[in-house]
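Undergrad: Residues 0 to 101 in numbering that gives the first Met the number 0 are what the sequence shown lists, from first letter to last. Just so it is clear, CB atoms sit at the ideal spot from N, CA and C, and this is done for glycine as well.
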Amino acid sequence: MRGIPMPQTPNPARGEVIVPLAGAPRRLCLTLGALARIEAALGLEDWSQLPARFGRLSATELTAVLAALLDGGGEDPGVLDTHPVAIPEAVAAVAAALHACA
0 MRGIPMPQTP NPARGEVIVP LAGAPRRLCL TLGALARIEA ALGLEDWSQL PARFGRLSAT
60 ELTAVLAALL DGGGEDPGVL DTHPVAIPEA VAAVAAALHA CA
C-alpha cells in the first residue's frame with residue numbers, strides 16, 4: 000500500500016482515522032496485525048488486557064503502539080524516528096484510533 004496515494008478520507012468501516020502526527024496528517028488503523036504487534040510489544044496474553052495496560056505505557060511502548068497503528072493504516076512507521084512527536088499528540092492519536100474501533 001505504501002507508495003500508492005491514499006484518499007484523504009478515512010474508511011470508517013475499517014476503523015481508520017486521519018490524525019495530525021509528526022508534522023502531517025497520518026492514517027491510523029487498528030488491524031488484526033496491528034493488534035498482534037501491540038500485544039507483543041506490551042507483553043500481553045490477549046487483547047482483553049489492553050485497557051488496563053494503556054493506563055501505564057512507557058515512551059517506548061507508546062511509540063510501538065503508534066508504529067503498529069501507522070502500519071495498519073498503510074503509513075510508514077519510520078516517520079516516528081525522523082519527525083518529532085509530542086506526548087499529547089501521540090496520546091490523542093492513539094485514543095482516536097481506538098475510539099474509531101469502538
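#1: By DSSP, does Pro76 sit in helix, in strand, or in coil?
#2: Report the CB separation of His82 from Ala21 in whole angstroms; it is logged as a contact under 8 angstroms.
#3: So, is Cys100 buried or exposed, given that buried needs 16 or more other C-beta atoms within 10 angstroms?
#4: Report the partner residues of Pro19 according to the DSSP bridge assignment.
#5: Would Met0 be called buried (16 or more neighbouring beta carbons within 10 Å of its own) or exposed?
#6: Which of the three DSSP states, helix, strand or coil, is assigned to Met0?
#7: Taking only three categories from DSSP, how would you classify Arg13?
#8: In terms of alpha-carbon separation, which member of Pro11, Arg13, Ala12, Leu29 lies closest to Leu69?
#9: Using only the alpha-carbon positions, how far apart do Ala91 and Ala63 sit?
#10: Hey, how far is the Cα of Ala89 from the Cα of Leu65?
#11: For Leu79 and Pro19, I'd like the C-alpha separation in whole angstroms.
TA: Reading it off the structure:
#1: coil
#2: 4 angstroms
#3: exposed
#4: Pro24
#5: Caution applies to Met0, whose pLDDT of 47 falls short of 50 and renders its modelled position unreliable; the model cannot decide the point.
#6: Residue placement at Met0 is poorly supported in this model, since its pLDDT is 47, which falls under 50; the coordinates are not used for a value here.
#7: coil
#8: Leu29
#9: 15 angstroms
#10: 7 angstroms
#11: 13 angstroms
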